[in-house]
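Q:
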Amino acid sequence: MPAASSTGVGPSSEPLSASPANGVSESNTSIEANVVVLGLRRAGKSSILSVVYKSMPPDDTFFLVESSSSKGKPAPIDVDAFLKMRFWDGIDAPTTAANLIAQNSHESGDQRGRIAYGTAGQLYWTQCSAIVFVIDAQAEFFEAVSRLNDVILEAYASNPLIHFHIFVHKVDGLSSDYRYETLRDIEQRVLDNLSDASASFIFAPAAHHVVQAAKSSRQSSGTSTDRPSPFDQSEGGGTAYKGVGGFYIPSLEESPNLEADVRLSFHATSIFDSSVHVAFSRIQIAMMNADLANTLEVLCNSLCNSSKLEKVYVFDVPSLTYICADSSPFDENSFEAVSEYLRFLVQFSGLYSPLTVPSQASTGGQRAMADQEAVRNERYATSNTRLNPDLTLAFYQINTHLAIVAVTRTETFAKQSSMVNYNVSIARKAFLDLYNSAN
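In terms of full-length UniProt numbering, the numbers along the sequence shown are unbroken and rise by one, the last being 439.
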């Protein structure tokens with residue numbers, strides 16, 4: 001990585017946080033999306049969350065205690081990056097569908113439905129926005145696919161709006177051809193199982209409350225509930241759900257076609273490259289309010305076009321996940337370079353920490369308002385580096401954990417850096433306003 005040239009940070013500015021903006025809260029009231037991470041023993045569930053949201057080096061995950069052997073309730077991870085999300089590091093997936101149904105045989109009311117597996121009774125399927133199921137690509141995956149099918153049927157019966165993200169994990173040890181073949185094989189088995197289960201599938205009473213609430217919300221906002229062709233082919237060959245474009249609300253009165261109705265997305269992931277960060281980025285975007293996600297994309301497109309940039313991201317820097325990007329095609333190699341660049345910057349962010357003492361006289365609300373105003377008007381950290389003779393990476397801090405990262409032509413950036421900086425300053429304030437509105 002070439003040395004980066006950085007500008008100084010003003011006296012009122014705050015350094016980038018080296019740790020994700022997360023924590024553990026006792027209340028679910030402020031959480032907008034619950035995501036449960038499930039999978040077989042040693043599939044890599046805890047490793048994934050530790051690398052992405054706890055900034056743990058991948059090599060250190062070999063010493064993690066298995067979540068299945070840990071005692072007590074699972075500790076959720078709270079993430080706040082335009083959307084307040086809570087990730088649950090669930091224990092092993094159920095052995096059989098019969099066991100899972102037996103554990104949930106006691107309904108706690110039609111509206112709440114059954115308890116979500118892997119949350120130690122702290123969450124119901126109706127409270128889940130997404131499920132991440134991790135499958136070890138280097139092991140026999142027949143049992144994992146079977147258990148995944150049980151989880152899908154159980155969760156979808158109570159919550160037809162839930163998203164399912166299947167991580168075909170540990171693909172770093174596979175050749176590119178075998179990686180693609182494994183991903184397609186798992187996808188086809190999952191779809192075949194859902195097709196076979198459609199004839200005998202029955203929705204739980206809780207599903208009717210979930211669908212009715214979603215329709216009421218759509219009607220009050222003036223959004224159509226017609227099916228928007230939500231499925232698309234991802235670059236990995238999997239079926240990717242376009243969450244940001246709105247979602248289809250199924251009719252519970254008709255015979256379900258699970259193969260088409262269940263929202264599935266397949267990701268080939270590894271903690272030793274940026275693929276797992278890309279996967280979680282897409283989960284975050286899919287969970288986001290559709291209007292907010294579209295507005296963020298429009299802002300990125302506007303910045304990209306007005307400044308003649310090749311690609312624009314808004315990153316949650318500590319987790320190395322992007323919150324939004326412009327609509328140009330995603331390039332895996334450039335994203336890998338951007339991720340390495342951000343790691344490099346975070347390592348040295350402490351050198352630019354301001355030596356300011358917070359005021360003790362003001363109240364918490366006054367300090368929060370003052371901090372927001374200071375963030376809008378302060379000098380923020382910027383940096384740029386030449387990736388190769390033709391491409392340059394440019395970094396612009398938004399707040400303590402969000403940043404704009406642009407990929408641009410070196411010649412263009414050299415000639416128009418002043419215009420780029422001006423356009424970024426305008427876009428930065430717009431992103432800050434949206435972030436403050438969302439929170």
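All C-beta atoms, glycine included, are put in the ideal place defined by N, C-alpha and C. Values in this document were obtained by computation on a predicted structure and should not be read as measured data.
(1) What residue from Asp78, Val52 and Lys45 has the CA that sits closest to Val65's CA?
(2) Kindly indicate the opening and closing residues of the beta strand (DSSP E) around Ser129.
(3) Just the C-alpha distance for Asp261 and Lys54, rounded to the nearest angstrom, thanks.
(4) From what residue to what residue does the alpha helix (DSSP H) around Thr295 run?
(5) Shortest alpha-carbon distance to Ser417 belongs to which of Asn384, Ala438 and Leu258?
(6) Three Cβ pairs or more, each shorter than 8 angstroms: is that satisfied between the stretch 303-312 and the stretch 182-200?
(7) Ile283 by DSSP, collapsed to three states: which one?
(8) May I ask which residues mark the beginning and end of the alpha helix (DSSP H) holding Arg189?
(9) Could you give the DSSP three-state label for Leu391: helix, strand or coil?
(10) Looking only at its chain, what residues have a beta carbon closer than 6 angstroms to the beta carbon of Val317, apart from the 5 residues adjacent to it on each side?
(11) May I ask which residues mark the beginning and end of the alpha helix (DSSP H) holding Asn149?
(12) Would Gly113 and Ser158 qualify as a contact pair, given that the criterion is a beta-carbon distance under 8 angstroms?
(13) If you draw a straight line from the alpha carbon of His106 to that of Pro76, how long is it in whole angstroms?
(14) Let me know the secondary structure DSSP gives Arg42 once reduced to three states.
(15) With 16 as the cutoff for other CB atoms within 10 Å, does Tyr241 come out buried or exposed?
(16) Just how far apart, CA to CA, sit Leu258 and Ile162?
(17) At the level of alpha carbons, what is the spacing between Leu264 and Ile131?
(18) With DSSP run on the structure shown, which of helix, strand or coil describes Phe201?
(19) So, is Val151 buried or exposed, given that buried needs 16 or more other C-beta atoms within 10 angstroms?
(20) Could you check which residue in Thr408, Leu153, Glu297 and Ile135 has the C-alpha nearest to that of Ala197?
A: Short version:
(1) Counting from one through the sequence shown, the residue named residue 65 turns up at place 65. Closest by alpha carbon: Lys45.
(2) For this step, residue 129 is matched to residue 129 along the sequence shown. Cys128 to Asp136 is the extent of the beta strand (DSSP E) around Ser129.
(3) For the purposes of this step, residue 261 is taken as the residue at position 261 of the sequence shown. For the purposes of this step, residue 54 is taken as the residue at position 54 of the sequence shown. Each residue's alpha carbon lies about 34 angstroms from the other.
(4) Here the question's residue 295 lines up with position 295 in the sequence shown. First-last of the alpha helix (DSSP H) with Thr295: Ala290 to Ser307.
(5) For the purposes of this step, residue 417 is identified with residue 417 of the sequence shown, where counting begins at 1. Cα-wise, what sits closest to Ser417 is Asn384.
(6) no
(7) By 1-based counting over the sequence shown, the position of residue 283 is 283. Helix at Ile283.
(8) Taking the first residue of the sequence shown as 1, we reach residue 189 at position 189. From DSSP, the alpha helix (DSSP H) with Arg189 extends over Ser176 to Ala197.
(9) Along the sequence shown, read from residue 1 onward, the residue named residue 391 stands at position 391. It is a strand residue.
(10) Position 317 of the sequence shown holds residue 317. Excluding sequence neighbours, Val317 sits near Leu16, Leu342, His401 and Ala403.
(11) Locating residue 149 in the sequence shown gives position 149, where the first residue counts as 1. From DSSP, the alpha helix (DSSP H) with Asn149 extends over Phe142 to Ser158.
(12) Residue 113 sits at position 113 when you count from the first residue of the sequence shown. Residue 158 sits at position 158 when you count from the first residue of the sequence shown. For Gly113 and Ser158, yes; Cβs fall inside 8 angstroms.
(13) In the sequence shown, residue 106 corresponds to position 106, counting from 1. In the sequence shown, residue 76 corresponds to position 76, counting from 1. For His106, the predicted model reports a pLDDT of 41, less than 50, meaning its position is unreliable; a value from the coordinates is still stated below. Taking the straight line from one Cα to the other gives about 24 angstroms.
(14) Sequence index remark: in the sequence shown, residue 42 carries index 42 (1-based). Reduced to three states, the DSSP call for Arg42 is coil.
(15) Walking along the sequence shown from the start, residue 241 turns up at place 241. At Tyr241 the pLDDT is 31, less than 50, meaning the model places this residue with poor confidence and gives no usable figure here.
(16) Here residue 258 refers to the residue found at position 258 of the sequence shown. Here residue 162 refers to the residue found at position 162 of the sequence shown. Approximately 13 angstroms between the Cα atoms of the pair.
(17) Within the sequence shown, the letter at position 264 stands for residue 264. Within the sequence shown, the letter at position 131 stands for residue 131. The straight-line gap from Cα to Cα measures roughly 10 angstroms.
(18) Numbered from its first residue, the sequence shown carries residue 201 at position 201. Phe201: coil per DSSP, three-state reduction.
(19) Along the sequence shown, one-based indexing puts residue 151 at 151. Counting Cβ neighbours within 10 Å, Val151 comes out buried, since at least 16 surround it.
(20) Locating residue 197 in the sequence shown gives position 197, where the first residue counts as 1. Here the closest residue by C-alpha is Leu153.
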